[in-house]
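To start, the structure under review is shown below, and the notes come after it.
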Amino acid sequence: MQGRDSKTKLFAIIGYPLKRTLSPELYNSAFKYLRYNARYIILRIKTKSLKKEFVRLKESGFSGFNVTIPHKEAVIPLLDGLSYEAREIGAVNTIKVMDGKFIGYNTDAQGFLNSLKDENISFKDKSILCLGSGGAARAVVWALAKKGASKIIIANRTRDRAEKLIRIFKNKFARCEFKVIDFKISSLKEGLKNSYLLINTTSVGNCLLIKPEWLKKDLIVYDIIYKDTPLIKAARQNGLIAINGLGMLVHQAALSFKIWTNKKAPIDIMCKVAIQS
Ligand code: ATR
């Protein structure tokens, strides 16, 4: 880790509980590689103190932040402005501090699309089952609808949250059919039947959520968690294409890096670090 001086720019990831995050390794290695005088740290902030902490952060001299679970939607009222994508999606994963103003961006959506492009996966006119309705789901669903998915079925533990999400997106994407199903075994089985892509956007990385025998030939499985979850392992065991969230993590980070520094991120270095960590 490089040293700090009075000109060192400070960046941080805000979230909770943030047990394990690769973001500091990704950004600090990119800063080091480009000899960019900056440092990236972790700030664990609980939901109940988010508002109070933001007042403090505005005085703190940070240059930017990443925002993760559970604050991607909750930070919006605390910001001074939003990019087009962040406003459309209704979630922020990146904040740039400009002249003391906190401006929110969303690089999850484009990061997700870039990761699919890397894998040569096209979902145009396809039906997709999405698990989850949090901030990450908003970005993923927005990206899928914007780029031509024909149907998006959403299942979330808290059904109301899924209903709310599709109410907003239905108006924006008239050509995409949206449907909410219950987050229970029988509904998920049904929802998977004609799906081309199954995406887990929930934070559940320690259990399967669905039964392995439902993972049929030709289904593509994507889990935005950046390790091989039981879902990813089961899909691979069944011979399916299974993609974990490592690619999305690197791509969204590279896009945030560009927003903060106006420099092209050394994506190969970031990718190498992500794989090794
Ligand atoms: P992020 O911004 O990363 O999406 P989030 O907004 O906190 O994080 O959303 C987390 C998602 O994981 C939500 O869809 C959440 O479901 P709820 O809306 O019902 O809270 C889902 N999730 C978290 N823990 C879960 C669990 N144990 N079982 C099922 N879903 C869970």
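For what it's worth, the working numbering labels the leading residue of the sequence shown as 119, then goes sequentially. We put the beta carbon where it would ideally sit given N, CA and C, even for glycine.
{"Item": "Closer than 7 Å: I187 CB and nearest the ligand ATR heavy atom", "Value": "yes"}
{"Item": "Bridge-paired residues (DSSP) for I159", "Value": "A130"}
{"Item": "Identity of the residue in H369, E331 and M388 nearest N232 by Cα", "Value": "H369"}
{"Item": "Which of helix, strand or coil DSSP assigns to K335", "Value": "coil"}
{"Item": "Own chain, CB closer than 7 Å to V215, minus 5 neighbours either side, in chain order", "Value": "F180, S181 and G182"}
{"Item": "Outcome for A383 when other beta-carbon atoms lying within 10 angstroms are tallied against a minimum of 16", "Value": "buried"}
{"Item": "Rounded distance between the beta-carbons of D198 and F220, thought under 8 Å", "Value": "5 Å"}
{"Item": "Top-ranked residue by Cα proximity to S395, from T319, A372, G253 and Y344", "Value": "Y344"}
{"Item": "Test item: CB-CB of L283 and A257 under 8 Å", "Value": "no"}
{"Item": "Check: N289 C-beta below 7 Å from any heavy atom of the ligand ATR", "Value": "no"}
{"Item": "Test item: CB-CB of G229 and I286 under 8 Å", "Value": "no"}
{"Item": "Extent of the continuous alpha helix (DSSP H) to which I350 belongs", "Value": "P348 to Q355"}
{"Item": "Segments of 3+ residues assigned as beta strand (DSSP E) that fall wholly inside the stretch 249 to 300", "Value": "269 to 273 and 295 to 299"}
{"Item": "DSSP three-state assignment for A360, whether helix, strand or coil", "Value": "strand"}
{"Item": "Between the CA atoms of I299 and A148 - distance to the nearest angstrom", "Value": "41 Å"}
{"Item": "At least three beta-carbon pairs within less than 8 Å, the stretch 237 to 246 to the stretch 258 to 274", "Value": "yes"}
{"Item": "7 Å Cβ shell around M119 - same chain, five flanking residues per side excluded", "Value": "Because M119 sits at a pLDDT of 46, beneath the cut-off of 50, its placement in the model cannot be relied upon, and the point is left open."}
{"Item": "L327 versus Y314, K335, L310 and D336, residue with shortest Cα-Cα distance", "Value": "L310"}
{"Item": "Residue burial classification, D341 (beta-carbon count within 10 angstroms, cutoff 16)", "Value": "buried"}
{"Item": "Span of the alpha helix (DSSP H) around Y202", "Value": "Y202 to I207"}
{"Item": "A280 and A227 closer than 8 Å at C-beta", "Value": "no"}
{"Item": "Distance cut-off 7 Å: E203 Cβ against heavy atoms of the ligand ATR", "Value": "no"}
{"Item": "Buried versus exposed call for N211 [16 or more other C-beta atoms within 10 Å across all chains shown]", "Value": "buried"}
{"Item": "Beta-bridge partners of K214, as assigned by DSSP", "Value": "G182 and I221"}
{"Item": "Within-8 Å CB hit, G365 to chain D", "Value": "Any reference to chain D falls outside this structure, which holds one protein chain only."}
{"Item": "Where I387 falls: helix, strand or coil (DSSP)", "Value": "helix"}
{"Item": "N238 CB to nearest heavy atom of the ligand ATR below 7 Å", "Value": "no"}
{"Item": "Enclosing beta strand (DSSP E) for L316 [first to last residue]", "Value": "L315 to N318"}
{"Item": "Cβ-Cβ distance between L249 and T319 below 8 Å", "Value": "yes"}
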